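2 protein chains.
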Amino acid sequence: MDLDVIEALVEPADTKIVLLVMDGLGGLAGAESGKTALEAARTPHLDKLAAQGICGLHESVRAGITPGSGPAHLALFGYDPLRYQVGRGVLAALGIGFDLQQGDVAARGNFCTVDEEGRIADRRAGRIPTSENEELCGLLRQIELPDVEVFVETVKEYRLLLVLRGEGLSGAIEDTDPQEVGEKPLDPEPRTTEAQHTADLVREFVRQAGEILSGREPANMVLLRGFSKRPSWPRFPDVFGLRAGAVAAYPMYRGVAKLVGMDVLESGSELEEEFATVERHWEGYDFYFLHAKHMDSAGEDGNMDEKVARIEEVDALVPRLLDLEPDVLVVTGDHSTPVRMRYHSWHPVPTLLWSEYCRRDDVSTFGETACLHGGLGPRFPATDLMPLALAHARRLRKFGA
Amino acid sequence: MDLDVIEALVEPADTKIVLLVMDGLGGLAGAESGKTALEAARTPHLDKLAAQGICGLHESVRAGITPGSGPAHLALFGYDPLRYQVGRGVLAALGIGFDLQQGDVAARGNFCTVDEEGRIADRRAGRIPTSENEELCGLLRQIELPDVEVFVETVKEYRLLLVLRGEGLSGAIEDTDPQEVGEKPLDPEPRTTEAQHTADLVREFVRQAGEILSGREPANMVLLRGFSKRPSWPRFPDVFGLRAGAVAAYPMYRGVAKLVGMDVLESGSELEEEFATVERHWEGYDFYFLHAKHMDSAGEDGNMDEKVARIEEVDALVPRLLDLEPDVLVVTGDHSTPVRMRYHSWHPVPTLLWSEYCRRDDVSTFGETACLHGGLGPRFPATDLMPLALAHARRLRKFGA
């Protein structure tokens with residue numbers, strides 16, 4: 001559904017909506033226990049909300065597609081991730097909290113190793129440590145280009161971010177990374193006539209980078225890909241008529257929230273501090289995006305006990321939200337991160353929506369199997385959540401007479 | 001799905017389909033009973049159909065969107081209401097059973113009160129009674145415009161319908177209703193060059209209306225909005241290959257049926273008379289749309305006992321339909337009207353489809369919670385119903401070889 005269909009129906013109200021995202025919430029049952037982390041966790045508060053609310057499992061992108069964190073959050077915010085795609089450069093900027101401005105061109109970079117003939121020997125320069133990356137980025141900051149500011153930022157290990165800031169820049173530049181060992185780095189080809197100027201700047205950046213890194217080991221060159229600009233999308237507060245505040249400990253999630261126009265609220269990074277931030281700002285906003293990270297990390301570490309403990313930690317804080325008396329509370333994850341896969345997965349994500357106006361289903365605990373029988377359905381599009389939250393908050397007019 | 005996909009697959013058969021729409025059927029559980037009106041009602045016949053058939057809950061427009069009666073019925077007839085949108089003027093005409101013809105331009109109007117400076121003091125003229133509206137419409141029928149017929153019809157209280165009939169008219173006219181007290185009525189601006197002529201006619205109508213009503217209290221002016229023409233859509237009988245008859249006591253529902261090309265069957269307005277009308281015409285049609293209104297009115301009145309009684313009244317008449325031996329019987333609502341909301345809502349609508357060729361699910365009673373576990377799913381698009389009804393009536397060919 002187009003966002004403008006919703007925007008046309010939005011009407012003001014003084015109701016409040018909280019979206020609590022438990023990162024990587026979904027899982028697969030352990031072989032012995034037969035339970036997922038969420039099912040194994042003791043979650044009396046979430047269970048009560050599930051019993052009083054309506055449940056289901058959502059898919060962020062489409063059936064079978066494992067979402068990255070960016071697309072998964074965009075879907076929860078109501079933006080179809082197939083339609084609202086973010087370039088890799090922009091995602092890299094969001095991921096490290098770089099304050100990307102309208103008009104900036106960002107690219108994701110790798111430090112790599114090239115041989116004497118300039119052919120790529122290792123696309124990741126032996127996965128150099130982050131500390132060495134930082135040193136090299138320091139060197140590359142010497143690079144000067146005519147009429148543009150150049151930012152070179154460490155992401156992690158061999159990965160870096162390049163941002164060019166200036167007038168008339170374009171993101172329509174082909175990758176210089178051939179993604180193939182034995183090839184030479186590619187020339188940054190412009191995809192449009194307008195992009196010729198930017199391509200020339202990038203070529204000059206790469207030339208100077210090669211000079212500066214020449215003779216070093218193992219990182220003696222850079223590869224760039226995913227040139228992109230910050231997109232001009234409909235803003236979340238405009239589309240949904242909600243003053244929106246985002247609370248997240250990790251830069252990536254703050255970045256995606258900022259990308260759609262939410263205010264990022266200053267917060268300590270401990271979970272309890274995040275909840276306190278929502279409390280502190282309860283008067284100022286209509287919508288709160290509250291992000292809890294550690295389920296996902298535990299899943300990626302393959303640590304079932306840790307994932308269970310992190311879920312229980314969130315559950316214990318849920319009464320703090322209820323004390324604020326939100327009109328609508330949505331609890332879900334952005335994607336699944338099953339412990340035995342140690343990675344994001346495509347499995348639908350448990351979701352509960354709680355409000356006075358819910359039509360209750362007969363789900364009485366919050367877990368993957370229980371949610372299969374919920375009123376939201378076993379595989380519903382994550383983009384349905386925002387319209388549903390608005391409806392339950394009495395913020396949508398009737399469509400047609 | 002595009003209608004032409006279905007149209008291409010339709011094949012003739014001598015089977016009959018009945019669509020029984022119980023207006024405002026869906027509800028929310030009462031706080032004490034824990035049951036919706038449908039769940040509280042004694043419905044042995046509907047329960048038996050649910051047990052023998054396949055059940056689920058549909059959404060007319062999209063998740064979270066509360067449909068008006070027009071869009072909700074279009075969805076049941078297989079027309080995606082986001083794609084097939086009707087202007088407010090056309091809806092007003094349908095609502096009072098005005099026989100709108102191709103090329104007519106209709107607008108919804110309000111009698112209003114303006115002060116000495118012509119500024120709007122009350123957009124609804126103190127909600128004058130319908131009898132006064134009728135008197136005023138009589139006066140406005142004096143208005144003559146060059147080369148067009150002018151129709152001025154009472155809708156209800158302060159609401160009226162204006163229709164212009166003639167050659168070369170356009171619906172691309174901006175509202176004259178600023179929807180704001182203290183403003184003057186707006187000039188009817190044409191949105192296209194072609195609409196200039198119609199805008200001039202509307203301006204002259206408004207001028208004469210102001211003269212005629214001048215000095216009256218409280219209704220001394222008219223405001224117009226939603227200028228629109230009857231749309232040229234694919235006709236239901238052509239798309240689905242069904243001779244279709246509609247039986248409805250209220251003009252709005254007859255109007256929507258007529259809009260898609262169904263025959264409106266003359267009928268008494270009592271529920272029993274509506275069922276008798278279907279019986280009387282059983283030889284003449286392949287598809288019957290039978291509309292029962294009073295669940296919705298009871299819901300809007302906040303009267304749970306009445307809503308329960310009205311549902312039981314329909315249930316008691318169901319055997320009359322079964323005696324006709326339809327091949328497919330679909331029973332559903334157009335939208336939910338929960339007693340405790342006293343208004344249309346977005347909650348999915350209980351649905352049963354009964355036919356010899358149903359794959360039964362394990363739903364054994366007709367109710368909101370029971371339907372969650374049905375084979376049609378807990379939130380399926382209402383536009384799926386027509387293709388499903390056709391399939392069960394053996395009226396759809398195989399797609400592809």
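Keeping their order, the protein sequence lines are chains A and B. Read in my numbering, the first sequence has 215 at position 215, and its numbers run on one by one without any break. Read in my numbering, the second sequence has 41 at position 41, and its numbers run on one by one without any break. From the three backbone atoms N, C-alpha and C, an ideal C-beta is built for every residue, glycine too. It should be emphasised that the depicted structure is a prediction, and the values quoted were computed from it without experimental measurement.
TODO: Can you say whether Phe111 (chain B) is buried or exposed, counting buried as having 16 or more other CB atoms within 10 angstroms of its CB?
DONE: A buried status is given to Phe111 (chain B), since no fewer than 16 other beta-carbon atoms sit within 10 Å of its beta-carbon.
Open item on the list: Is there a Cβ of chain A sitting closer than 8 Å to that of Thr369 (chain B), yes or no?
Closed with: yes
Task: Minimum Cβ-Cβ distance from Arg62 (chain B) to chain A less than 8 Å - done: yes
Task: Cross-chain neighbours of Leu388 (chain A) in chain B, by beta carbon under 9 Å - done: Ala63, Gly64 and Trp346
Open item on the list: Under 8 Å, with one C-beta from each stretch per pair, do the region 310 to 326 of chain A and the region 267 to 286 of chain A reach the 3-pair mark?
Closed with: The region 310 to 326 of chain A, when compared against the region 267 to 286 of chain A, does touch it at the 8 Å Cβ threshold.
Open item on the list: Would you call the region 238 to 252 of chain A in contact with the region 121 to 137 of chain A, where contact means no fewer than 3 C-beta pairs closer than 8 Å?
Closed with: no
Task: Selection from B:Thr198, B:Lys184 and B:Glu183 that minimises the alpha carbon distance to Pro190 (chain B) - done: B:Thr198
- [ ] Assess, as a yes-or-no matter, whether the region 301 to 315 of chain B is touched by the region 32 to 42 of chain B under the definition of 3 or more beta carbon pairs within less than 8 Å.
- [x] yes
- [ ] Could you tell me which of B:Ala219, B:Val222 and B:Gly78 sits nearest to Gly261 (chain B), measuring between CA atoms?
- [x] B:Gly78
- [ ] Measure from the alpha carbon of Tyr288 (chain A) to the alpha carbon of each residue in A:Glu272, A:Arg243, A:Asp301 and A:Val314, then state which is nearest.
- [x] Here the closest residue by C-alpha is A:Arg243.
Task: Beta carbon of Ala92 (chain A) nearer than 8 Å to that of Thr365 (chain A) - done: no
Task: Within chain B, partners of Arg360 (chain A) - CB distance below 7 Å - done: Ala29
- [ ] Give the secondary structure of Met22 (chain A) by DSSP, where H, G and I count as helix, E and B as strand, and everything else as coil.
- [x] strand
Open item on the list: Within the continuous beta strand (DSSP E) that includes Cys112 (chain A), where are the two ends?
Closed with: Val105 to Val114
Task: Whole-angstrom distance between Ile65 (chain A) and Trp354 (chain B), CA atom to CA atom - done: 36 Å
Open item on the list: Counting only C-beta atoms, is Asp384 (chain A) closer than 8 Å to chain B at any point?
Closed with: So yes, Asp384 (chain A) belongs to the interface.
Task: For Glu132 (chain B), three-class secondary structure by DSSP - done: helix
- [ ] Determine, using beta carbons only, whether Asp173 (chain B) and Phe227 (chain B) come nearer to each other than 8 Å.
- [x] According to the sequence displayed, residue 173 (chain B) carries Ile and not Asp. Closer than 8 Å, so yes.
TODO: Could you check the C-alpha separation between Thr351 (chain B) and Val328 (chain A) for me, to the nearest Å?
DONE: 27 Å
Open item on the list: Here's a check: name, in chain order, each residue in its chain whose Cβ is nearer than 6 Å to the Cβ of Val86 (chain A), leaving out the five neighbours to either side.
Closed with: The beta carbon of Val86 (chain A) sits closer than 6 Å to those of Gly70, all from its chain and outside the five residues before and after it, given in chain order.
Open item on the list: I'd like the list of long-range same chain contacts for Glu300 (chain B), defined as Cβ closer than 8 Å, with 5 residues on each side in sequence excluded.
Closed with: Correct list, in chain order: Gly24, Thr337, Arg342 and Tyr343.
Task: Exposure label - Thr383 (chain A); buried when at least 16 CB within 10 Å - done: Here Thr383 (chain A) is buried. Its C-beta has 16 or more other C-beta atoms within 10 Å.
TODO: Would you list, in chain order, the members of the region 24 to 55 of chain A that have their beta-carbon closer than 8 Å to a beta-carbon of chain B?
DONE: none
TODO: Let me know if Ser345 (chain B) comes out buried or exposed under the rule of 16 or more other beta-carbons within 10 Å of its beta-carbon.
DONE: With 16 or more other Cβ atoms within 10 Å, it is buried.
TODO: Starting from Cys55 (chain B), follow its DSSP beta bridges and name the residues at the other end.
DONE: B:Leu352
- [ ] Select from B:Asp14, B:Met1, B:Val18 and B:Gly56 the residue whose C-alpha is nearest the C-alpha of Gly26 (chain B).
- [x] B:Gly56
- [ ] Measure the alpha-carbon distance for Leu201 (chain B) versus Leu145 (chain B) and round it to whole angstroms.
- [x] Roughly 7 Å separates the two Cα atoms.
- [ ] Give the straight-line distance between the Cα atoms of Pro67 (chain A) and Asp177 (chain B), rounded to the nearest whole angstrom.
- [x] 47 Å
Open item on the list: With H, G and I counted as helix, E and B as strand and the rest as coil, what does DSSP make of Tyr158 (chain A)?
Closed with: coil
- [ ] Using beta-carbon positions only, say whether Val164 (chain A) and Val148 (chain A) come within less than 8 Å of one another.
- [x] Note on residue identity: the sequence assigns Leu, not Val, to residue 164 (chain A). Val148 (chain A) sits close to Leu164 (chain A), with the two beta carbons spaced by under 8 Å.
TODO: State yes or no: is the C-beta of Thr369 (chain B) within less than 8 Å of the C-beta of Asp362 (chain A)?
DONE: yes
- [ ] Kindly say whether Gly377 (chain B), judged by its beta-carbon, lies nearer than 8 Å to any beta-carbon of chain A.
- [x] yes
Task: Environment of Pro188 (chain B) [buried if 16+ CB atoms lie within 10 Å] - done: Per the 10 Å Cβ criterion, buried.
Task: Validate contact between the region 308 to 320 of chain B and the region 2 to 14 of chain B using beta carbons, cut 8 Å, 3 pairs - done: no
Open item on the list: What does the alpha-carbon distance come out to for the pair Cys371 (chain A) and Arg379 (chain A)?
Closed with: About 10 Å.
Open item on the list: If we require 3 or more residues per run, which beta strand (DSSP E) segments fall completely within the region 281 to 353 of chain A?
Closed with: 287 to 292 and 328 to 332
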